[in-house]
Amino acid sequence: MHIVVCMKQVPRDNSVKLNPDLSINADGIEKIINLFDEYAVEEGIAWNEKHGGKLTVLSLGSTEWTEQIRRALAMGATDSLLLSDPAFAGVDTLGSARVVAAAIRKLGDVDLILTGRNSTDDESGAFAPALARALGWPQITYVGKVQDVNPATKTIVADRNLETVIETVSSPLPAVISVIKDINSPRYPSLLKIKRVAKIDPPVWGAADLGISAADLAPAAVLSTRAPAPSRPKGEMITGGDAAAKVSALVDKLLENQVI
Amino acid sequence: MSGVLVYIEQVGGDVAAITRELLGKGRSLADALGGPLAALVIGDTAGNLPERAIAFGADTVYTVSNPALAGYTTDGYVAAAKAVVEQAKPALILAGASFQMRDFGAALAADLGAGLAADAIDVSVEGGQIRAVRPSHGGNVISTYAFAAGRTAVVLARKQSFAEASEQAGRSGKIEAVALPAAAIRTKVTSVAPKTGAVNLTDATIIVSGGRGLGNKDNYYKLIPTLAEALGGAYGASRAVVDEGWVPYEHQVGQTGKTVSPKLYVACGISGAIQHLAGMRTSRSIVAINKDPDAPIFRVATYGVVGDVNEVLPLLTEQLKARLSR
């Protein structure tokens, strides 16, 4: 079977700045595979090891993203694909989903798509559903456990980890699955494997290869203002006396200000 | 296209708190748009939800009732919502931002080609244009998006962003039944099991969280749940101690765990890594207890106490028990 994992490169932390045009400036912050996508990579590798076939890591972004793609290859992905084109810059979730859907159709033989529940930078969590709908495939989101992937019956059974319940869902394949953090423990690639993939450059497909037009990429909403989050009002340190005195003073404050 | 359509969520047979918030906000947005406030009830039966939605401000309630909609499925609920959107032609669709609503809202927006703001903290109408405000980058960046005119906007709102609508007895409105279009529901929910020891941190008004400063798992369980209990709150944890295996992931607060915004957040032995702050910085009051006076957590704290949590917490629990008479 052919499993595709969609992954995004994100800054390791979100101490980002804003450019004058309001775009995000993450210069100087180390780039990593979006944490939730790393769990998707591990999940994909595990099912690929069980059923064989291909495991393609796919990323939409700049050609500078090869390092993270190579990391996924070193973890155990068999193939890679980068969707990159100046026209894709700043594309929104719907647009990204259309581009990735076009690539999935072009690949032709994909049975299962895995991705993280959201990226840790944009945090909307809309990509997996948008991709599923663009492809016309069923979706299972917020998956905390994949119980079974059956290539013979072309079905998947997975547990969705919602706020207060676990919902077990079965779906025909092909399908799009988004995973949460505690689904598995992503492996560390060995040095030998890192060396082996060090020179691999992923094939790159652009808008023309995918038949993507400007209309497919038109945003549905336009950024109008953007600012750093307001800082919190300055707090108060409770000082003086021993621990018991500080605790008394703290509880006084909490009661006085009706915090409790 | 005009007006606002609110997705009605129910809890125990009545409209959920988030729904009352959305009906309250939806009313003023609908007035600003010069259109009606409509509501959408999807399920096997509508029960008395339409009447309740009207009492909280809806002008028209569209119901899609069908045995196939007894439980949530993306295919079923999106098909039902699209049938209503076709009829109501709303400029704006409002829903909550729970996992289920994100699954629903993102799929619906994709099908409609609509703009989407997930986890929005505000929405407004300015000069006829709909705008939504949403945080990203771990709460460090706040962005306002203006939706393209002539396209439906879908906004999924974070809990406790708006004042709840008040109930108006005797208010009347229209109820319209809409048929579920013949659509294949491809996924099948085979079981729904309540989580054991489930903590709905996002609903808690007081949260006590513990971090590495506690030293070990035993100290965590000795001190954190008891303090949470004394305050009548839930207990959370930093990523560090979840990764150490002290506490299940369910309890993790932060960018890769839960984003919470309680009335009071007590951070115990948590240094305040960016990824933790992302999950709790919008709490109304923050108490930080940490032995390192330079810990970043103190920069967001309303009240800070420098001290060893293993010494401070038992004293705090004891005092709270005595003074709150719990």
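So the sequences go chain by chain: G and H.
Residue 142 in the working numbering is what sits at position 160 of the first sequence, and the numbering runs on without skipping anything.
Residue 326 in the working numbering is what sits at position 317 of the second sequence, and the numbering runs on without skipping anything.
We put the CB at the ideal spot given by N, CA and C, even for glycine.
Residues bridged to residue i [DSSP beta-bridge criterion]
i	result
residue 141 of chain H	H:132 and H:154
residue 74 of chain H	H:52
residue 219 of chain G	H:313
residue 149 of chain G	G:142 and H:201
residue 187 of chain G	G:65
residue 163 of chain H	H:102 and H:125
residue 121 of chain G	G:158
residue 41 of chain G	G:64
residue -7 of chain G	G:13
residue 184 of chain H	H:70
residue 294 of chain H	H:273
residue 46 of chain H	H:13
residue 262 of chain H	H:267
residue 6 of chain G	G:0
residue 135 of chain G	The partner list for residue 135 of chain G (beta bridge, DSSP) is empty, contrary to what the question assumes.
residue 127 of chain G	G:141
residue 36 of chain G	G:-16
residue 299 of chain H	H:315
With 16 other Cβ atoms within 10 Å as the buried cut-off, status of residue i
i	result
residue 140 of chain G	buried
residue 257 of chain H	exposed
residue 175 of chain H	exposed
residue 294 of chain H	buried
residue 180 of chain H	exposed
residue 177 of chain H	exposed
residue 96 of chain G	buried
residue 202 of chain G	buried
residue 86 of chain H	buried
residue 337 of chain H	It is not possible to answer for residue 337 of chain H, since the shown part of chain H is limited to 10 through 335.
residue 13 of chain H	buried
residue 174 of chain G	exposed
residue 227 of chain H	exposed
residue 52 of chain G	buried
residue 186 of chain H	exposed
residue 71 of chain H	buried
residue 20 of chain H	exposed
residue 177 of chain G	exposed
residue 190 of chain H	exposed
residue 238 of chain G	exposed
residue 21 of chain G	buried
beta-carbon residue i near the ligand SAH non-hydrogen atom, thresh 7 Å
i	result
residue 66 of chain G	The model on display carries no ligand, and the ligand SAH is accordingly not part of it.
Segment limits, beta strand (DSSP E) that includes residue i
i	result
residue 203 of chain H	197 to 203
residue 81 of chain H	Note, residue 81 of chain H: premise wrong, no beta strand (DSSP E); not H, not E.
residue 210 of chain G	203 to 210
residue 160 of chain G	157 to 161
residue 97 of chain G	94 to 98
residue 218 of chain H	215 to 219
residue -13 of chain G	-16 to -12
residue 200 of chain G	No beta strand (DSSP E) contains residue 200 of chain G, which DSSP labels as neither H nor E.
First and last residue of the uninterrupted alpha helix (DSSP H) at residue i
i	result
residue 244 of chain G	Residue numbering for chain G in the displayed model covers -17 to 242; residue 244 of chain G lies beyond these limits and cannot be assessed.
residue 26 of chain G	17 to 33
residue 285 of chain H	283 to 289
residue 51 of chain G	48 to 57
residue 332 of chain H	318 to 333
residue 226 of chain G	225 to 238
residue 176 of chain G	173 to 179
residue 165 of chain G	Unbroken run through residue 165 of chain G: none, as it is neither H nor E.
residue 176 of chain H	Where residue 176 of chain H is concerned, there is no enclosing alpha helix (DSSP H), given that its DSSP letter is neither H nor E.
residue 61 of chain H	58 to 64
Residues of the segment 110 to 125 of chain G with Cβ closer than 9 Å to any Cβ of chain H, in chain order: Contacts with chain H (Cβ-Cβ distance below 9 Å) from the segment 110 to 125 of chain G involve 110, 111, 112, 113, 114, 115, 116, 119, 120, 121, 122, 123 and 124, listed in chain order.
Complete alpha helix (DSSP H) runs within the segment 11 to 42 of chain H (minimum length 4 residues, chain order): Unbroken alpha helix (DSSP H) stretches of 4 residues or longer found wholly inside the segment 11 to 42 of chain H: 26 to 42, given in chain order.
Under 7 Å (Cβ pairs) to chain H, residues found in the segment 212 to 229 of chain G: Listed by position along the chain: 214, 217, 218, 219, 220, 225, 226, 228 and 229.
Positions along the segment 149 to 177 of chain H whose CB lies within less than 8 Å of some CB in chain G: From the segment 149 to 177 of chain H, only 149, 150, 151, 152, 153, 154, 155, 156, 157, 160 and 162 have a Cβ closer than 8 Å to chain G.
Members of the segment 139 to 167 of chain G that neighbour chain H once the beta carbon cut-off is set at 7 Å: Per Cβ criterion, the list reads 144, 145, 146, 147, 148, 149, 150, 151, 152, 153, 154, 163 and 164.
Where the segment 184 to 198 of chain H meets chain G: residues whose CB sits under 7 Å from a CB there: For chain G, the residues of the segment 184 to 198 of chain H that bring a beta carbon within less than 7 Å of one of its beta carbons are 195, 196, 197 and 198, in chain order.
Residues from the segment -15 to 3 of chain G in contact with chain H, defined by Cβ distance under 9 Å: Against chain H - using a Cβ distance shorter than 9 Å - the residues of the segment -15 to 3 of chain G are -7, -5, -4, -3, -2 and 0.
In chain order, each alpha helix (DSSP H) run of at least 4 residues that lies wholly inside the segment 223 to 254 of chain H: Runs of the alpha helix (DSSP H) inside the segment 223 to 254 of chain H: 226 to 240 and 248 to 252.
Contact list for the segment 180 to 211 of chain G against chain H, Cβ threshold 9 Å: Those residues of the segment 180 to 211 of chain G that come within reach of chain H (Cβ to Cβ, closer than 9 Å) are 200, 201, 202, 203, 204, 205, 206, 207, 208, 209, 210 and 211.
Members of the segment 202 to 218 of chain H near chain G, C-beta cut-off 7 Å: When C-beta distances to chain G are compared with 7 Å, the residues of the segment 202 to 218 of chain H below that value are 202, 203, 204, 207, 209 and 211, in chain order.
Near-chain G residues of the segment 82 to 105 of chain H - C-beta to any C-beta below 9 Å: If the cut-off is 9 Å between Cβ atoms, the segment 82 to 105 of chain H has 82, 83, 84 and 87 near chain G.
Chain H contacts from the segment 75 to 99 of chain G (Cβ-Cβ distance under 8 Å): Cβ contacts with chain H come from 75, 76 and 79.
Interface residues of the segment 16 to 44 of chain G facing chain H [CB-CB below 9 Å]: Flagged, chain order: 17 and 18.
Chain G contacts made by the segment 120 to 135 of chain H, where a contact means CB separation under 8 Å: So the close ones are 120, 122, 123, 124, 125, 126, 127 and 128.
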